[in-house]
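Working notes, beginning with the structure itself.
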Amino acid sequence: MSQVMKLGWTRWAATALAGAAMCVSVSAAAQTPEEFYQGQTVTILVGSPPGGGYDAYARLLAPYIAERLGAEVVVDNRPGGGGLLALSMLADGSQDGLTLMHASAEGAIMSQLVDREGVRWDVGELNWLARTAEEPKVLLFGPESPLQTVEDAMNADVVTWSATGPADNISDVAAVLSHALGINSEIITGYQGARDMSLAVVNGEVDAGILSASSASRLVEGGQLRAIAIIHRNRTAYMPDVPTIFELVDISEEDAWWIDFRAAIGEPHRAMVTGPGVPEDRVEYLRQVMEDVLTDPEVIAEGEESGRRIGYLPGAELQQLIVETYDSAAGDRLEEVRRVMLEDYL
Amino acid sequence: MSDILTGLASFGSPEALAFMLAGIAIGCIFGLVPGLSGLTAIALLLPFVYGMDPGVGLSFLLATHAVVNTGGSLTAILVGIPGAPSNTATVLDGYPMAQRGEGGRALGAALTASAIGGVLGSIVLIAMLPVLQPIVLYFQSPETFMIAVLGVTFIAVLGSQDMVKGLLSGALGMFLATFGYHSVSGVPRFWLDIDQMLDGFPLIPVALGLFAIPEIVALGQTGGGVARRGIAETSLRNILKGAADAFVRIWLVVRASLIGVFVGLIPGLGGETAPWMAYAAAKATSRKPEEFGHGSVEGVIAPEACNNSKEGGALVPTLAFGIPGSSAMAILIGAFFVLGLEAGPQFLRNHMDIAVHLSVTLAVANIVAAVLLILLGPYLARVTVVPGRILAPLLMVTLIVGTYSVENNLAHVLFLIIFGVLGFLLKEFKFNRPALLLGFVLAPMIETYMHIASRAHGWTFIFRPLPLAILVIILLALLWPAVRRRRGRADR
């Protein structure tokens, strides 16, 4: 009797197990991304400590993304290597689509362009989900700087600039601008971040500086810095009165390539990205979710209020933009780009 | 004037007071637990200030952060383990005092010095509010560079018992600082193709590894508690006696506080070095320098006054320009944005009332925390009778969890252990760990700012007024012992 019961129990368990296994395999095959994300925990990596711009945007968006996905969304700050550490974690980690990063696409392109140590991914193979924000760079002079206009800089014996290091999205912009306009520049690296750099322009330690429009607008409004030109074809909503560099100076087509090329690298700016091996349907779904969130009037209004302007660009377009920009500096051009950005003015 | 009144009114609102008190309580706990720092506290609390009134939210974070050093002094003195990196200097004399039964006196002196230092820091801040911007603007790379050089000369003072080992330790610290990105060229050095090494050795695990782990190991080896003569000496009376010590040496407190304000004021100089500079300065000017390291009450007062006053200094560039004076201030600036404020030049123009509110919070939080801990001191001090073999594992766990939580990074725990072993060896062979830490923190600054100063100003930067004055002070300080010796011989 007991043996029969035992047998019965075993058979029952085996059937149940087989059934469960079938269910699982069926559901895995038919599981839509919507179902997959339900009740999961999604991590948004941020490559800088709490309190910075990337962190602020990530925390602004997290609750809205959570609502759309039906998942819990946590922001995980992983500072190190200027964001490289977190990006490597994303690329090397599990490719199930549960880990995203709010990253600097601009920084990723630049890092790969200059072949920085610690780059272990291909910027074109990462799955870019959406641009969250975009802002051009601004040319700035200090209040006491002898330079008044762009022409002054072009005619000066030497113009000094502040930067944190080579290819830091600041020094390379200054270098490209100097190359295009024929400014005899000396870019001084070693400053410890945007604040330290801008302080050096404000207190006159250097003649000129480059900052992103949102950081610059605060100092310009306070009268600490003078905004001279937007380094882009178009003006920016952050400071609509400041002319573009193309409005101020006649630039030949060949010279303009440099400014346009660098502006194109800056175009993707802040973006949501996920690993290179994430299944295609989940990438598509995440791109759709990002679109819903980043075009939601409530999100846009909340961003506006806290000084975090949303600048949405769909994931597919962003991916194409990144690949095209990277490829436009191939072959001999790449050598020249590296020389101008890393050697000529540093 | 109306700004000041509005600021005081917003400080006095029940909501602001309640959150400040909550912040003080949280800050004291974070200070008491080794490994949990003010930086961690402020980072963990940041999400909670969403939607608060700006003055309330900011003063909540500031109060929390400001009193962490006060709480940390307790752990440093009673169990010889720094609660936070800025309490490392306090261990040197506070712990020997506790061991010989003067824990109460050391506590009283430390807490009182912390309170006075904190208040002085905020007084300087309030006095400077109208003229903040020109002062911060005056400091350029040559000034920062020479102050860092001045800091390095303190290695000689700290290592004066055994000059060879002191200088070797300082040099080792400088060598360890060369790992990771070279700030000028962006080239990582000695990174061994390991991503975690790109930024070099992180400060918090290094400081806590060097100073906390060897003490925890030693604690685990003792059978009984820290205090060999029971806890009678940590009665309120003894604590008040220590408080009197601080008041008697008020000029030492003032001097140490001013060092703190000064170092805090300069962005990039890093608050962790300030207490060591104050300690070294106190030792150099003391009538009994030989007592330092063996339980000198002056050696407790100087770093504790300094580590609280430096927050007032660090707020100066934070408020004036939105340039963080320390890593915790960088998070505070993040909180500005969260609360819809903009840290920067126009902040003082538009929100002087919040600046006043913050300054007053800084002063009051420091006093409240000190009074609170003086009253609780006799109870908290009972930890010293807990047998070391029970206390040590507990401390080790909180240290590891705390270190991990700073950046959620397991590699930092590994660094903590590596530097713990190094610290243990250095302690065994009587090398100078403070000198190592000072070299570690200051070397990259000297390297970076010398580069910037020489490129931006040319080599004549040394002849700017402040750098020249500092150079003269350095030369005098280095030559003084020789002069004194020669005079001593001549007198005989």
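Protein sequence lines correspond, in order, to chains A and B. Okay, so the first sequence: first residue is 0 according to numbering that gives the first Met the number 0, each after it adds one. Okay, so the second sequence: first residue is 0 according to numbering that gives the first Met the number 0, each after it adds one. We treat Cβ as the ideally placed atom computed from N, Cα and C, and that holds for glycine. If you're wondering where the values come from, they're calculated on a predicted model, not measured in any experiment.
Check: In terms of alpha-carbon separation, which member of B:Ala334, B:Arg248, B:Val205, B:Glu214 lies closest to threonine 284 (chain B)?
Finding: B:Arg248
Q. Between the C-alpha atoms of glycine 93 (chain B) and alanine 90 (chain A), what's the straight-line distance to the nearest angstrom?
A. 48 Å
Pick out whichever of B:Leu371, B:Leu45, B:Gly422 has its Cα sitting closest to the Cα of alanine 329 (chain B). B:Leu45
Review point. Roughly how many whole angstroms lie between the Cα atoms of leucine 207 (chain B) and threonine 273 (chain A)?
Key: 35 Å
**Prompt:** Which chain A residues are close to valine 183 (chain B), counting only those with a beta carbon under 8 Å from its beta carbon?
**Reply:** Gly164, Thr188, Gly189
Where isoleucine 131 (chain A) falls, given that 16 or more other Cβ within 10 Å makes a residue buried: Per the sequence shown, residue 131 (chain A) should be read as threonine rather than isoleucine. The residue in question, threonine 131 (chain A), is buried, as its Cβ has 16 or more Cβ neighbours within 10 Å.
Under 8 Å: do the stretch 207-222 of chain A and the stretch 21-30 of chain B share three or more Cβ pairs, one atom per stretch? no
**Message:** When you compare the CB of serine 213 (chain A) with every CB in chain B, is at least one pair closer than 8 Å?
**Reply:** no
Exercise. Can a CB atom of chain B be found closer than 8 Å to the CB of alanine 55 (chain A)?
Worked result: yes
Task: Runs of alpha helix (DSSP H) lying entirely within the stretch 26-110 of chain B, each at least 4 residues, in chain order - done: 37-44, 53-65, 67-77, 87-98
Counting only beta-carbon separations shorter than 8 Å, does proline 187 (chain B) have a partner in chain A?
yes
- Query: Could you give the distance in angstroms between the alpha-carbon of alanine 273 (chain B) and the alpha-carbon of alanine 468 (chain B)?
  - Reply: 20 Å
With a threshold of 8 Å on Cβ separation, who are the neighbours of leucine 197 (chain B) within its own chain once the five nearest residues in sequence on each side are excluded? Gly179, Tyr180, Pro187, Trp190
Less than 8 Å separating the beta-carbons of valine 205 (chain B) and phenylalanine 414 (chain B)? yes
| message | Here's the rule I'm using: 16 or more other beta-carbon atoms within 10 Å means buried, otherwise exposed. How should alanine 300 (chain A) be labelled? | response | exposed
Does chain B have any CB closer than 8 Å to the CB of valine 298 (chain A)? no
**Asked** Going by the CB atoms, is the gap between isoleucine 300 (chain B) and valine 262 (chain B) shorter than 8 Å?
**Response** no
Output needed in chain order: residues of the stretch 76-97 of chain A with a Cβ under 9 Å from some Cβ in chain B.
Asn76, Arg77, Pro78, Gly79, Gly80, Gly81, Leu83, Leu84, Ser87, Met88
- Find the residues of chain A that neighbour serine 140 (chain B), judging by a C-beta separation of less than 7 Å, and give them in chain order. Glu204
From the DSSP output, in three-state form, read off phenylalanine 200 (chain B) for me. coil
Contact list for the stretch 300-312 of chain A against chain B, Cβ threshold 7 Å: Glu304, Ser305, Gly306
Rounded separation between methionine 351 (chain B) and aspartate 2 (chain B) - CA only
6 Å
Problem - Residues near serine 144 (chain A) in its chain [Cβ-Cβ closer than 6 Å; skip 5 each side] - result: Asp206
Give the DSSP-derived three-state secondary structure of tryptophan 120 (chain A) in the structure shown. coil
- Task: Go through its chain and collect everything with a Cβ distance to leucine 119 (chain B)'s Cβ below 7 Å, but skip five positions before and after it.
- Result: Val253, Ser256, Ser308
Exercise. Going along chain A in order, which residues have a C-beta closer than 9 Å to the C-beta of leucine 197 (chain B)?
Worked result: Gly79, Gly80, Gly81, Leu83, Leu84, Glu116, Gly117
- Hey, does leucine 136 (chain B) have any beta-carbon neighbour from chain A nearer than 8 Å? yes
Beta-ladder partner(s) of glutamate 185 (chain A), from DSSP: A:Thr159
Please list the segments of the beta strand (DSSP E) lying wholly inside the stretch 51-101 of chain A, counting only runs of 3 or more residues, in order along the chain. 71-76
* Under 8 Å (Cβ pairs) to chain A, residues found in the stretch 463-474 of chain B -> none
Could you check which residue in B:Gly70, B:Leu171, B:Leu136 has the C-alpha nearest to that of glycine 30 (chain B)? B:Gly70
Would alanine 328 (chain A) and phenylalanine 260 (chain A) be called neighbours here (beta carbons separated by less than 8 Å)? yes
Check whether chain B comes within 8 Å of glutamate 185 (chain A), counting only Cβ atoms and requiring the distance to be less than that. yes
Are serine 184 (chain B) and glycine 81 (chain A) touching if we call contact CB-CB under 8 Å?
no
Determine the extent of the beta strand (DSSP E) in which tryptophan 127 (chain A) is found, giving its start and end residues.
-> 126-132
* Three-way DSSP call (helix, strand, coil) for serine 144 (chain A) in this model -> coil
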